[in-house]
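Here this note's numbering is used: position 255 in the sequence shown is 1117, and no number is missing along the way.
In this text, a Cβ means the ideal position worked out from N, Cα and C, and glycines have one as well.
All values reported here derive from a predicted model rather than from experimental measurement.
Comments concern the structure below.
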Amino acid sequence: MSVIFLFIDGVGLGKANEANPFTQSIYRGFSAMAGDQEFSEKATELSETNHLFKFIDARLGVEGLPQSGTGQTALFTGKNAPKEIEKHFGPFPHSGIKPFLKEQSLFIKAKQQGISCNFINAYPDIYFQKARKRNRWSCTTLMTKSADIALNTTQEVKNGTALTSELTQQAWREQLNIDVPEISPEQAADRLLEQSENYDLLLHEYYLTDKAGHSQELNKAEGFLNTYDRFLWHLIRNKSSNTTIVLSSDHGNVEDLSTKTHTFNKVPLFVYGPGANYFFASDSIMDVTPGILEVFFKKTN
863 MSVIFLFIDG
873 VGLGKANEAN
883 PFTQSIYRGF
893 SAMAGDQEFS
903 EKATELSETN
913 HLFKFIDARL
923 GVEGLPQSGT
933 GQTALFTGKN
943 APKEIEKHFG
953 PFPHSGIKPF
963 LKEQSLFIKA
973 KQQGISCNFI
983 NAYPDIYFQK
993 ARKRNRWSCT
1003 TLMTKSADIA
1013 LNTTQEVKNG
1023 TALTSELTQQ
1033 AWREQLNIDV
1043 PEISPEQAAD
1053 RLLEQSENYD
1063 LLLHEYYLTD
1073 KAGHSQELNK
1083 AEGFLNTYDR
1093 FLWHLIRNKS
1103 SNTTIVLSSD
1113 HGNVEDLSTK
1123 THTFNKVPLF
1133 VYGPGANYFF
1143 ASDSIMDVTP
1153 GILEVFFKKT
1163 N
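Here it is in structure tokens:
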């Protein structure tokens, strides 16, 4: 059994109103995630044999709006990161919670069980230059490096084994002037599915939803959501029967364009495949990493 872990930044379950882009257009992937329901707080949770859809908590008992640094650390380690430093913090991980990512992450624990892992996102040279100069790494890149997993570069994108952050490689071509072909969201999904055959656990991150939420621009939100929805829909329809898709977020944002900030809304937990039953008791973003590890633990015992 393999697991594809889809982390989508800044997506919560919001009210069904005009400020929610999920209710203004048809998104087949997001609707399928919710069991062919509207992707909003009006949806009913599902707990079926191979399909789980739940609303899970991202506030974790700490006052204030959830933030990326603490939220992602909780998501990728199972630890209550905001409680550890007594506040929500972001976008980068706070020094007080970096040890969680360096020593107790999903990748670290998975590798200890003999599970092969990879982070399929790639980064251009300019990212590495800035990150090394400032010693400032995102939660995903820090935990990947700390688990002795190589971060993907431009070469892996050219080789067709990694994905750019926006999926289609368009930004790399137009903004960074990197000679890579533009691909469709469906081609990006196929690339991820191909690479999932080489690893037990494969992680993908999509952050443009959070960026769209902060912009409060409906057109931008719909553009980014449409790209991801096509990618997600293709994955759902074409994954193998022994692959489990796990999708979740770190906090709400894009589901409410009436505010520039993050939201208090619960975030989705979508599990599709034979590992869904290991997440039935999940209540918060801290339960995602333990659930993924349970999939592999039960498989080998």
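Asked: Test item: CB-CB of residue 1047 and residue 1092 under 8 angstroms; Found: yes
Asked: Under the three-state DSSP convention, the category residue 1091 falls into; Found: helix
Asked: C-beta contact flag for residue 1116 and residue 1133 at 8 angstroms; Found: no
Asked: Inter-stretch contact (C-beta, 8 angstroms, three-pair minimum) for the stretch 1113-1128 and the stretch 869-886; Found: yes
Asked: Residue 867, enclosing beta strand (DSSP E) - first and last residue; Found: 864-870
Asked: Touch test, the stretch 1013-1029 against the stretch 983-1001, Cβ-Cβ under 8 angstroms, three pairs minimum; Found: yes
Asked: Beta-carbon proximity list for residue 1082, same chain, < 7 angstroms, skipping 5 on both sides; Found: 1074
Asked: Beta-carbon spacing of residue 968, residue 939 below 8 angstroms; Found: yes
Asked: Nearest to residue 956 (by Cα), restricted to the options 926, 930 and 971; Found: 930
Asked: Residue 882 (DSSP reduced to helix, strand or coil); Found: coil
Asked: Short Cβ contact (8 angstroms threshold) for residue 982 with residue 1128; Found: no
Asked: Alpha-carbon spacing of residue 1038 relative to residue 1045, whole angstroms; Found: 16 angstroms
Asked: Spatial distance of residue 898 from residue 907 (CA atoms); Found: 11 angstroms
Asked: Beta-carbon proximity check, residue 1136 vs residue 1104, cutoff 8 angstroms; Found: yes
Asked: Assigned secondary structure, residue 1030 (DSSP; H/G/I helix, E/B strand, else coil); Found: coil
Asked: Unbroken stretches of the alpha helix (DSSP H), 4 residues or longer, contained in the stretch 874-941; Found: 890-895 and 930-939
Asked: For residue 1047, three-class secondary structure by DSSP; Found: helix
Asked: contact_flag[the stretch 992-1010, the stretch 1046-1062] where n(CB pairs < 8 angstroms) is 3 or more; Found: no
Asked: Nonlocal neighbours in the same chain, by C-beta distance under 7 angstroms from residue 943, ignoring five residues either side; Found: 932, 935, 936, 959 and 962
Asked: Whole-angstrom distance between residue 887 and residue 880, CA atom to CA atom; Found: 11 angstroms
Asked: Inter-residue Cα distance where the pair is residue 1029 and residue 1089; Found: 8 angstroms
Asked: Three-state class that DSSP yields for residue 1116 in the structure shown; Found: coil
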